[in-house]
Amino acid sequence: MTQAKCLVLPGERFENALVVRPASMTSVIVLEGAERDYSESLAWYAKRSTGVAEDFDIELDRAFSLIDAEPTRYPKCDARHRFFLLRRFPFRVIYRIERDAVVVVAVAHGSRVPSYWSHR
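With my numbering, you'll find the sequence shown wraps up at 234, consecutive numbering, no jumps.
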């Protein structure tokens, strides 16, 4: 996730989380497990092609912006969580809506065991 578009703030009530505040009134909070999902996937793509890795990073930034703009627009995957499908990559951004924030719990590859992230 590039930091050029976002301001990173300390995770006050969310321990072990990266708080990303796009240019809107909502915070997008990326939990540690989701950050790990992202980092591992980015490293995998970077080994194959730096261009594809950059595209993955851009696509994830786009996903965060769209989710932040309209968090209730995307389908539910269970009672608490929603998901956003990336266009070019076989990933879902799994998130939940809290009072004043969108909390990203996973950047899940489509071939992973469903709901591996449910304990987050």
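Cβ coordinates follow ideal geometry from the N, Cα and C atoms, glycine included. Keep in mind the model is a prediction, meaning the values are calculated, not measured.
Query raised in the report: In this structure, what does DSSP give as the bridge partners for Ser141?
Result: According to DSSP, Ser141 bridges with Ala215.
Query - Whole runs of the beta strand (DSSP E) within the segment 149–217, excluding any shorter than 3 residues - result: Counting whole runs of 3 or more residues, the segment 149–217 contains the beta strand (DSSP E) stretches 195–199, 205–212.
Query raised in the report: Roughly how many whole angstroms lie between the Cα atoms of Ala215 and Thr186?
Result: 12 Å
Query raised in the report: Taking buried to mean at least 16 other C-beta atoms within 10 Å of its own C-beta, is Ser163 buried or exposed?
Result: exposed
**Report entry** Exposure of Arg196, with buried meaning 16 or more beta-carbon neighbours within 10 Å
**Finding:** buried
Report task. Answer with buried or exposed for Ala220, where buried requires no fewer than 16 other C-beta atoms within 10 angstroms of its C-beta. Result -> buried
Query raised in the report: Is Val217 closer than 8 Å to Thr210 when the C-beta atoms are compared?
Result: Before going on, a small fix: residue 210 reads as Arg here, not Thr. Cβ atoms of Arg210 and Val217: closer than 8 Å.
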